[in-house]
Amino acid sequence: MRKFLFLTATGLFLLMTGCNYTGKPVDFASTCNRENDDQYVEVVGYFNNNGSAMCSTSSGGPMRCPIDFRESPTSDKTPIRAYIDKGSGASSIDAEKNQPLKIRDNKGETVENSQKVKIVADVDVLDDASRVGDTKSAGCYLTVRKIEKVQ
Numbered sequence: 001m002r003k004f005l006f007l008t009a010t011g012l013f014l015l016m017t018g019c020n021y022t023g024k025p026v027d028f029a030s031t032c033n034r035e036n037d038d039q040y041v042e043v044v045g046y047f048n049n050n051g052s053a054m055c056s057t058s059s060g061g062p063m064r065c066p067i068d069f070r071e072s073p074t075s076d077k078t079p080i081r082a083y084i085d086k087g088s089g090a091s092s093i094d095a096e097k098n099q100p101l102k103i104r105d106n107k108g109e110t111v112e113n114s115q116k117v118k119i120v121a122d123v124d125v126l127d128d129a130s131r132v133g134d135t136k137s138a139g140c141y142l143t144v145r146k147i148e149k150v151q
C-alpha cells in the first residue's frame, strides 16, 4: 500500500510540474540564433493556422502538426515552423471531424490567428547542409511545449 501511495504521489507531482515549462525569453528575430539551439525559449508571436496541416510522428514520439509562427498577424517576413502536439488537452492542436484544426492554449481555450501568444518551445537550429534548396526557411523549427495567450 505504501508503494502504491508513493507511486501515485510521485506521478501526480510529475504531471503537475511537467506542464509548467519555462524558457529563456528571446525576441522573435533572434529565435533561430545558433546559441538557442537545443534550448527552451519563450517567444511572443502569432500562429498562422490555415485550418489544416500535415501532422506526423517520428521515432515513436507524439503526433505533431506544423503551424507557421509569425512576428505579427500580417508579417511578410519568413515564419518559423512550430510543431504542436496533437491532442485535446492544454497547449495542443486537434480537429473534430469535418472541422479545421484548433489550437488550444495552456488553459485549453481556443487560440485564434489574431491572438498574440507566448510560447515555450525547444529550438532546433538547422545547419546549412539541411537547408539546401530551401533558402526561404527561417533556419530553425520549434517544438512547442506551452502556449499562453498574451493580453
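Take 1 as the starting number for the sequence shown in this note's numbering and just add one per residue.
Glycine is no exception: its CB is placed at the ideal position from the N, C-alpha and C atoms.
Query: I'd like to confirm the pairing. Which residues does DSSP put opposite Ala82 in its beta bridges?; Result: Ile67, Leu142
Query: Tell me which residue opens and which closes the beta strand (DSSP E) that Lys102 is part of.; Result: 102 to 104
Query: Pull up the distance between the alpha-carbon of Glu109 and that of Leu101, whole angstroms please.; Result: 13 Å
Query: Spell out the partners DSSP gives Ser56 in its beta bridges.; Result: Arg64
Query: Can at least three beta-carbon pairs, one atom from the stretch 81 to 89 and one from the stretch 24 to 34, be found at a separation below 8 Å?; Result: no
Query: Only counting the same chain, and skipping five residues up and downstream in sequence, which positions put a Cβ closer than 6 Å to that of Pro66?; Result: Ala53, Arg81, Tyr83
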